[in-house]
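S.K.: This structure is in structure tokens; I'll ask about it shortly.
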Amino acid sequence: PQAGLFNLYGPTEAAIDVTHWTCTPDDVLSVPIGRPIDNLKTHILDDGLLPAAQGVAAELYLGGVGLARGYHNRAALTAERFVPDPFDEQGGRLYR
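Here it is, written out as structure tokens:
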């Protein structure tokens with residue numbers, strides 16, 4: 001019998017599963033991390049927290065309801081890794 005293969009991506013700081021991809025037989029050379037699951041979002045941003053152009057070095061930022069509050073007793077690290085979401089008018093945060 002055939003079994004389905006799924007790629008789920010996400011760090012502990014963002015509830016582990018942030019993106020989902022249903023693998024296909026064509027996914028032999030590479031498997032995408034997929035698209036965000038419901039109530040989560042991804043952004044590829046430059047150093048100024050602006051959307052990065054294709055081919056430019058950038059960083060993946062994760063946001064939405066799955067984010068952790070931060071690191072226990074590590075305020076400086078929390079401030080470094082959990083930043084204000086420039087696209088959320090309601091004061092959301094992003095994990096970088």
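Here the UniProt record's numbering is used: the first residue of the sequence shown is 1, the next is one more, and so on. A virtual CB, placed ideally from N, CA and C, is assigned to each residue, including glycine.
1. In the DSSP assignment, the alpha helix (DSSP H) including L77 goes from what residue to what residue?
2. Go ahead and pull the three-state DSSP assignment for E13.
3. With respect to the beta strand (DSSP E) encompassing L94, which residues constitute its N-terminal and C-terminal limits?
4. What's the gap between the Cα of L20 and the Cα of I44?
5. To which residues of the same chain is C23 closer than 7 Å at the C-beta, ignoring the five residues directly before and after it?
6. Apart from the five residues on each side of it in sequence, which residues of its chain come closer than 7 Å, Cβ to Cβ, to P86?
M.R.: In brief:
1. 75-81
2. Note: E13 maps to helix in three-state DSSP.
3. According to the DSSP assignment, L94 belongs to the beta strand (DSSP E) that extends over 93-95.
4. The displayed chain sequence assigns His, not Leu, to residue 20. Approximately 17 Å between the Cα atoms of the pair.
5. L5, F6, N7, V31
6. Excluding sequence neighbours, P86 sits near L49.
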